[in-house]
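A.B. asks: Take this structure first; my questions come after.
2 protein chains.
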Amino acid sequence: MPDGKRIMVTPEQLEAVSFNADGLVPAIVQEAGTGRVLMMAWMNADSLRQTLETGRTWFWSRSRQEYWCKGETSGDRQYVRQGYYDCDGDTLLFVVEQEGNGACHTGEYSCFFRSFGPDTDPASTSES
Amino acid sequence: MPDGKRIMVTPEQLEAVSFNADGLVPAIVQEAGTGRVLMMAWMNADSLRQTLETGRTWFWSRSRQEYWCKGETSGDRQYVRQGYYDCDGDTLLFVVEQEGNGACHTGEYSCFFRSFGPDTDPASTSES
């Protein structure tokens with residue numbers, strides 16, 4: 001089982017991150033190795049710091065107005081291998097090792113399990 | 001040279017997309033084949049429709065308050081191979097073939113060329 005590895009961030013790197021009017025920045029989570037995009041969620045300054053310090057992914061839930069550490073309840077933890085910020089500093093990308101059943105609360109491995117257009121993915125055939 | 005391929009989206013799929021208070025939804029762009037995450041930008045309902053109809057990526061620029069078609073000026077076009085929406089319908093993912101010099105206006109191939117922590121990427125050694 002992998003463990004959380006602290007990322008030694010510099011003040012300059014942290015200052016390069018710009019948060020929106022609500023103090024949030026979108027964070028894309030991608031699986032190490034496969035390159036699969038697993039999810040997107042929001043971080044504030046504290047959850048970003050927590051993520052870099054603990055090597056686990058921490059987010060800010062806009063609906064529940066609280067911090068959450070991915071997998072703390074479900075066991076489907078994410079261990080950060082690398083973190084990036086984009087050219088404008090207003091989007092983050094974390095490459096992680098995904099534990100357990102995947103990233104999506106629906107039970108799917110990735111949150112992006114539904115595609116536009118004719119259904120080509122057997123996982124997205126469920127009727128609603 | 002690849003061309004834009006229309007995605008035959010259903011009304012149900014379009015209705016599953018939820019836009020924020022500003023009428024926007026974040027769209028992650030990932031390179032087909034390599035799985036590399038190239039950029040994140042915002043779409044409104046019209047740019048999403050345009051993207052699905054033309055097979056090129058269209059966004060809404062919040063700073064310029066205008067539509068833009070990626071690569072229309074630079075030539076660094078993106079041809080959509082697949083589009084996904086996430087479990088909450090509030091984030092999109094487009095898998096594209098990237099033409100030209102890449103996705104970033106800085107000249108880097110991906111917008112996520114700077115990592116947190118000790119510098120391990122020779123592409124991110126530039127001084128500011």
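Residue numbers (the working numbering), protein chains in the order written: chain A, 1 to 128; chain B, 1 to 128.
For each residue, glycine too, the CB sits at the ideal point set by N, CA and C.
1) Please name the residue or residues paired with B/Pro26 in a DSSP beta bridge.
2) By Cβ distance below 6 Å, which residues in the same chain neighbour B/Leu93 in space, the five residues on each side in sequence not counted?
3) Following the continuous beta strand (DSSP E) through B/Gln65, name the residue where it begins and the one where it ends.
4) Output, in chain order, the set of chain B residues within a Cβ distance shorter than 7 Å of A/Gly106.
5) Report the three-state DSSP secondary structure of B/Glu97 (helix, strand or coil).
6) Can you pull the chain A residues whose beta carbon is under 7 Å from the beta carbon of B/Thr91, in chain order?
7) Would you report the Cα separation of B/Met43 and A/Lys5, rounded to the nearest angstrom?
8) Under DSSP, the beta strand (DSSP E) around A/Tyr84 begins and ends at which residues?
9) State yes or no: is the C-beta of A/Val37 within less than 8 Å of the C-beta of A/Ser115?
10) Measure from the alpha carbon of A/Leu14 to the alpha carbon of each residue in A/Met40, A/Gln98, A/Ala21 and A/Leu52, then state which is nearest.
11) Does the beta-carbon distance from B/Gly102 to B/Tyr79 come in below 8 Å?
12) Is the Cβ of A/Val96 closer than 8 Å to any Cβ of chain B?
13) Contact check, B/Gly100 vs B/Ser74 under 8 Å by CB: the rounded distance?
14) Report, in whole angstroms, the separation of the C-beta atoms of A/Val9 and A/Thr91, which I expect to be a contact under 8 Å.
15) Since B/Leu24 meets chain A, which of its residues come closer than 8 Å, beta carbon to beta carbon?
16) Kindly identify the DSSP beta-bridge partner or partners of B/Cys69.
17) List the residues of chain A that B/Pro118 touches, going by C-beta distances under 8 Å, in chain order.
18) Under a three-way DSSP split, which group does B/Gly117 fall into?
19) Do B/Ala59 and B/Ala32 have their C-beta atoms within less than 8 Å of each other?
20) Could you tell me if A/Ser18 is buried or exposed, where buried requires 16 or more neighbouring beta carbons within 10 angstroms of its beta carbon?
21) Within the same chain, show all residues whose beta-carbon is closer than 8 Å to that of B/Tyr67, passing over the 5 residues directly before and after it, in chain order.
22) For A/Glu108, name the three-state secondary structure that DSSP assigns.
23) Determine the closest residue to B/Cys87 out of B/Ala16, B/Ile7 and B/Asp3, with distance taken between C-alpha atoms.
24) Could you check what DSSP says for A/Met1 in three-state terms: helix, strand or coil?
25) Under 9 Å Cβ-Cβ, which residues of chain A neighbour B/Phe112?
C.D. replies: Reading from the atomic positions:
1) Taking the second sequence and counting its residues from 1, the one referred to as residue 26 of chain B is at position 26. Under DSSP, B/Pro26 shares a beta bridge with B/Trp42.
2) The count along the second sequence starts at 1 and reaches residue 93 of chain B at position 93. Closer than 6 Å at Cβ, skipping near neighbours: Ile28 and Tyr84.
3) Your numbering for residue 65 of chain B matches position 65 in the second sequence. From DSSP, B/Gln65 is part of no beta strand (DSSP E); its letter is neither H nor E.
4) On the first sequence, position 106 is the one that residue 106 of chain A refers to. In the sequence under discussion, the amino acid at residue 106 of chain A is Thr, which differs from the Gly named in the question. Chain B residues near A/Thr106: Cys87.
5) On the second sequence, position 97 is the one that residue 97 of chain B refers to. In this structure, B/Glu97 counts as strand in the three-state DSSP scheme.
6) Counted from its first residue, the second sequence places residue 91 of chain B at position 91. Under the 7 Å cutoff, chain A gives Met40.
7) Position 43 of the second sequence holds residue 43 of chain B. Position 5 of the first sequence holds residue 5 of chain A. C-alpha of B/Met43 to C-alpha of A/Lys5: approximately 35 Å in a straight line.
8) The residue given as residue 84 of chain A occupies position 84 in the first sequence. Residues Gln78 to Tyr85.
9) Here the question's residue 37 of chain A lines up with position 37 in the first sequence. Here the question's residue 115 of chain A lines up with position 115 in the first sequence. By the CB criterion at 8 Å, A/Val37 and A/Ser115 fall outside the cutoff.
10) As a first step, residue 14 of chain A must be located in the first sequence, where it is residue number 14. Comparing Cα-Cα distances from A/Leu14 to each of A/Met40, A/Gln98, A/Ala21 and A/Leu52, the minimum goes to A/Leu52.
11) Locating residue 102 of chain B in the second sequence gives position 102, counting from the first residue. Locating residue 79 of chain B in the second sequence gives position 79, counting from the first residue. No.
12) Residue mapping note: residue 96 of chain A aligns to position 96 of the first sequence, counting from 1. Not one chain B Cβ lies under 8 Å of A/Val96.
13) Reading the second sequence from its first residue, position 100 is the one you call residue 100 of chain B. Reading the second sequence from its first residue, position 74 is the one you call residue 74 of chain B. Contact between B/Gly100 and B/Ser74 holds: CB atoms are separated by about 7 Å, below the 8 Å threshold.
14) Translated into positions along the first sequence, residue 9 of chain A becomes position 9. Translated into positions along the first sequence, residue 91 of chain A becomes position 91. Wrong, their Cβ atoms sit about 17 Å apart, outside the cutoff.
15) Position 24 of the second sequence, counted from the first residue, corresponds to residue 24 of chain B. What B/Leu24 touches in chain A: nothing, since even the nearest Cβ is about 11 Å away.
16) To locate residue 69 of chain B, count along the second sequence from 1; it is residue 69. In the DSSP output, where bridge partners are listed per residue, B/Cys69 has B/Trp58.
17) By 1-based counting over the second sequence, the position of residue 118 of chain B is 118. Taking the beta carbon of B/Pro118 as reference, the chain A residues within 8 Å of it are Met8, listed in sequence order.
18) Along the second sequence, read from residue 1 onward, the residue named residue 117 of chain B stands at position 117. B/Gly117: coil per DSSP, three-state reduction.
19) In the second sequence, counting from the first residue as 1, residue 59 of chain B sits at position 59. In the second sequence, counting from the first residue as 1, residue 32 of chain B sits at position 32. Inspection of the sequence shows that residue 59 of chain B is occupied by Phe rather than by Ala. When the beta-carbon positions are compared, B/Phe59 and B/Ala32 stay at least 8 Å from each other.
20) What you label residue 18 of chain A is simply residue 18 of the first sequence in a count that begins at 1. Exposed.
21) If you number the second sequence from 1, residue 67 of chain B lands on position 67. By the criterion of a C-beta distance shorter than 8 Å, B/Tyr67 is surrounded in its chain by Asp46, Ser47, Gln50, Trp58, Phe59, Trp60 and Ser61, once the five residues flanking it on both sides are discounted.
22) Stepping through the first sequence from its first residue, residue 108 of chain A is reached at position 108. DSSP, read as helix, strand or coil, puts A/Glu108 in coil.
23) Position 87 of the second sequence, counting from 1, holds the residue named residue 87 of chain B. The alpha carbon of B/Cys87 has as its nearest neighbour, out of B/Ala16, B/Ile7 and B/Asp3, the alpha carbon of B/Ala16.
24) One-based indexing of the first sequence puts residue 1 of chain A at position 1. Unreliable positioning characterises A/Met1 in this predicted model, as indicated by a pLDDT of 49, which lies under 50. The coordinate reading is nonetheless provided below. For A/Met1, the secondary structure class from DSSP, reduced to helix, strand or coil, is coil.
25) Within the second sequence, numbered from 1, the residue matching residue 112 of chain B stands at position 112. The answer, in chain order, is Ile28, Tyr84, Tyr85, Asp86, Cys87, Thr91, Leu92 and Leu93.
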